[in-house]
Amino acid sequence: MRVLSGEKIWPPPIWMMRQAGRYLPEYREVRKNASNFLDFCYSPDLATEVTLQPIRRYGFDASILFSDIFVVPDAIGYPVRFEEGRGPVLEPLSSDLLDRLEQDRAEDHLKPVMETVSRLRAELPDETTLLGFCGAPWTVACYSVAGHTTQDQVAARVGAYRDPDLMQRFVDQLVTASIRYLIRQLDAGADAVQIFDTWAGVLDDAGFRRWSIEPTKKIVDGVRAIRPDAKIIGFPKASSARIMTFIEGTGVDAVGFDWTAPDHLALDIQKKVPIQGNLDPMRLVAGGKALEDGVAHILETFDTGPLIFNLGHGVTPDADPDNVKRMVEQVRRG
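Numbering (full-length UniProt numbering) for the sequence shown: 1 to 334.
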């Protein structure tokens, strides 16, 4: 939280995106207790347990709520399901479907998630930051046009070009639901929140402004209208060339970088806001010298300003838990 306020702390605090995940054997054991992934997310008992697992194992400085970006559309009535080996599957976007969405049903639907947040704040060590999150509207909407993910989100991009009004209607619904969702997480005990825009990098400049910056700004403004002191991290993946525009356009407190970001650009950004990242998750798979060199490079390059050590995206299921331990130990040594 001090780093998010602009303070440099060394060694830097560390957490990992998807730190509660399939790379951990204890996670895989708990996962067997839920019949499907959404039920898993909506179980306070199971979600609390898997959120705490990486804190117990590694002592990360932040714990991020175990949930999924698709609980938001699910909560307002957008049909979502998860298929084994395929991931999220949504009903293809249509005007009739949008007419059926109901913002008011989200409060009851998301009560189990808020219970998880409250339990986590009570069970986590006082010094461990609790992060909430949501998916950015564009990233969530990407899955709705074809009903599932496509290479470089071609279907979503074509859909946004062909019928921008339809896409705008859905994005606006997601903005409203996301504002309410993040405020409720903060009220339930989250210390800060992150907005994940995993697919921002597939957009052209005009699309980036309309579908990434503008909705994120509306969410930031909407949350701060109710919670003026809220700390918000933005993560527009694969968008390093536009990151300054993103920061200035959205008002986020800090920004996450993926591993493709040039060092000189990240250093320039670090002079303006705290940065988070940006180890390639594949270094956790490779281990050895590749891991040591990657961690050392980040520590040596970004030691002049506020840094939260993280990955450039989520840890993958094939990462070695022992490599995660080695990474944490190396970061702790500074």
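Glycine residues also receive a C-beta, built at the ideal position from the N, C-alpha and C atoms.
For clarity, every value in this text was computed on a predicted model and none was experimentally measured.
In chain order, what are the residue ranges of uninterrupted beta strand (DSSP E) at least 3 long that sit wholly in the stretch 211–277?
Runs of the beta strand (DSSP E) inside the stretch 211–277: 232–236, 254–256.
Suppose contacts are defined by Cβ-Cβ distances below 9 Å. Is Ile179 in contact with Ile232 by that definition?
No, these two residues do not count as a Cβ contact at 9 Å.
Could you please give the first and the last residue of the uninterrupted alpha helix (DSSP H) stretch that includes Thr129?
It is not in any alpha helix (DSSP H) - Thr129 instead sits in the beta strand (DSSP E) that spans 129–135.
Using the Cα positions of Leu291 and Asp99, report the straight-line distance between them to the nearest angstrom.
Rounded to whole angstroms, Leu291 to Asp99 spans 49 Å at the Cα level.
Measuring alpha carbon to alpha carbon, tell me which residue in Asp108, Asp61, His297, Glu214 is nearest Ile9.
When each option's Cα is compared against that of Ile9, the closest is Asp61.
Identify whether Ile69 lies in helix, strand or coil by the three-state DSSP scheme.
Correct three-state label for Ile69: coil.
Note the first and the last residue of the continuous beta strand (DSSP E) segment covering Ala300.
Contrary to the premise, residue 300 reads as Glu rather than Ala in this sequence. Looking at the DSSP string, Glu300 is not in any beta strand (DSSP E); the run it does join, the alpha helix (DSSP H), is 288–301.
Can you grab the Cα-Cα spacing for the pair Ile14 / Met282, in whole Å?
When rounded, the distance between both Cα atoms is 18 Å.
What residues in its chain sit with their C-beta under 7 Å from that of Leu124, if we drop five residues either side in the sequence?
The answer, listed in chain order, is Ile55, Ser63, Leu130.
Would you kindly report the start and end of the unbroken beta strand (DSSP E) that includes Ile189?
Here the sequence assigns Gly to residue 189, which means Ile is not the residue at that position. Taken as a continuous stretch (DSSP letters only), Gly189 belongs to no beta strand (DSSP E), as it is neither H nor E.
According to DSSP, is Glu91 helix, strand or coil?
Coil at Glu91, not helix or strand.
I need the boundaries of the alpha helix (DSSP H) containing Glu123, first residue and last residue.
Per DSSP, Glu123 belongs to the alpha helix (DSSP H) from 111–123.
Cβ atoms of Val80 and Phe66: under 9 Å apart, would you say?
For Phe66 and Val80, no; Cβs fall outside 9 Å.
Which value, in whole angstroms, describes the spacing of the CA atoms of Phe70 and Glu127?
Taking the straight line from one Cα to the other gives about 29 Å.
Determine the direct distance from the alpha carbon of Lys272 to that of Glu248, and round the result to whole angstroms.
C-alpha separation (whole angstroms): 10 Å.
Between Gly6 and the rest of its own chain, which residues show a CB-CB distance below 8 Å, the 5 nearest in sequence each way excluded?
Counting only Cβ-Cβ distances below 8 Å, and skipping sequence neighbours, we find Val273, Pro274, Pro306.
Can you grab the Cα-Cα spacing for the pair Ala200 / Ala122, in whole Å?
Taking the straight line joining both Cα atoms gives about 35 Å.
Please report the distance separating the alpha-carbon of Leu90 from that of Glu83.
Distance between the alpha carbons of Leu90 and Glu83: 11 Å.
What's the call for Ile243, buried or exposed, on a 16-neighbour Cβ count within 10 Å?
By the neighbour-count rule (16 or more Cβ atoms within 10 Å), Ile243 is buried.
Does DSSP classify Ala160 as helix, strand or coil?
Note: Ala160 maps to helix in three-state DSSP.
From the DSSP output, which residues share a beta bridge with Leu307?
Looking at the DSSP assignment, Leu307 forms a beta bridge with Ile275.
Just to confirm my understanding: we take Gly294, look at its own chain, exclude 5 residues before and 5 after, and list those with CB closer than 7 Å. What are they?
Within the same chain, Gly294 has close Cβ partners Leu279, Asp280, Arg283.
Based on Cα-Cα distance, which residue from Arg57, Ser43, Leu38 lies nearest to Pro73?
Residue Leu38 is the option with its Cα nearest to Pro73.
Have a look at Ala190 and Cys134 and give me their C-alpha separation to the nearest angstrom.
For Ala190 and Cys134, the distance between alpha carbons rounds to 12 Å.
So, Val193 versus Val223, is the Cβ gap smaller than 9 Å?
For Val193 and Val223, yes; Cβs fall inside 9 Å.
Assign Ala225 to buried or exposed, taking buried as 16 or more other Cβ atoms, counted over all protein chains shown, within 10 Å of its Cβ.
By the 10 Å Cβ count, Ala225 comes out exposed.
Between the C-alpha atoms of Met114 and Ala47, what's the straight-line distance to the nearest angstrom?
Cα-Cα distance, rounded: 11 Å.
Looking at C-alpha atoms only, which residue of Thr260, Thr198, Asp104 is the closest neighbour of Pro137?
Nearest of Thr260, Thr198, Asp104 to Pro137, Cα basis: Thr198.
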